[in-house]
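Notes for the one structure printed next.
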Amino acid sequence: FGRWTVRNRAGVMAAAAVLAFVVSPASLETKFTSSPQAIFPNGFPSMDFARELIDSYGEGRIWPYYLMLDANEGETVFSDEFFDAAGDFLRDVNASLASHQVAVQSVMGLMYLNGEYVRWTELQA
Numbered sequence: 144f145g146r147w148t149v150r151n152r153a154g155v156m157a158a159a160a161v162l163a164f165v166v167s168p169a170s171l172e173t174k175f176t177s178s179p180q181a182i183f184p185n186g187f188p189s190m191d192f193a194r195e196l197i198d199s200y201g202e203g204r205i206w207p208y209y210l211m212l213d214a215n216e217g218e219t220v221f222s223d224e225f226f227d228a229a230g231d232f233l234r235d236v237n238a239s240l241a242s243h244q245v246a247v248q249s250v251m252g253l254m255y256l257n258g259e260y261v262r263w264t265e266l267q268a
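This is the structure in structure tokens:
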């Protein structure tokens, strides 16, 4: 097969170009999604039930996103500075999602207590 490909490289290149031309528009229109709904088959009772749960409680509660934040080298996560930076980051993420009309149902983490931002020293009190 390798020798045939080398001898007929013009034909192989032409076929590859035609294939790329045909496939490119579809790949350019492909949208990213992290939703498991996009890969689960339709018509199965388990997926129908999952969709009912999503409609009732929201996708974020069924398949939440987890962000893991780490301190810079030589620093600790157990400080007001880290909590402030992490809180700013989460507020920026929420603002970015809101600007794209994505509703944030809740944010949980060490720096949030009952939905309110707290500093590390406040947790120590």
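In our numbering, the protein residues as written are 144 to 268. Here a beta-carbon is modelled for each residue, glycine too, at the ideal position from N, C-alpha and C.
Nearest CA to the CA of residue 225: which residue from 237, 211 and 238?
-> 211
Could you tell me the distance, in whole angstroms, from the CA atom of residue 268 to the CA atom of residue 244?
-> 37 Å
Just the C-alpha distance for residue 204 and residue 167, rounded to the nearest angstrom, thanks.
-> 36 Å
Cβ neighbour criterion (16 or more within 10 Å) applied to residue 241 = exposed
Residue 232 lies in the alpha helix (DSSP H); which residues open and close that run?
-> 223–242
Can you tell me which of the three DSSP states residue 217 falls into?
-> coil
If residue 223 and residue 194 are in contact, beta carbons under 8 Å, what's the gap, nearest whole angstrom?
-> So it is not a contact: roughly 43 Å between Cβ atoms.
Just grab the DSSP bridge partners of residue 252 for me.
-> 255
Segment limits, alpha helix (DSSP H) that includes residue 145 | 145–150
With DSSP run on the structure shown, which of helix, strand or coil describes residue 260?
-> strand
Out of curiosity, what's the CA-to-CA distance linking residue 161 and residue 147?
-> 19 Å
Cβ shell of residue 272 (< 6 Å), same chain only, five flanking positions each side left out = What is shown of the chain runs 144 to 268, which leaves residue 272 out entirely.
Look up residue 201 in the DSSP assignment and say whether it is helix, strand or coil.
-> coil
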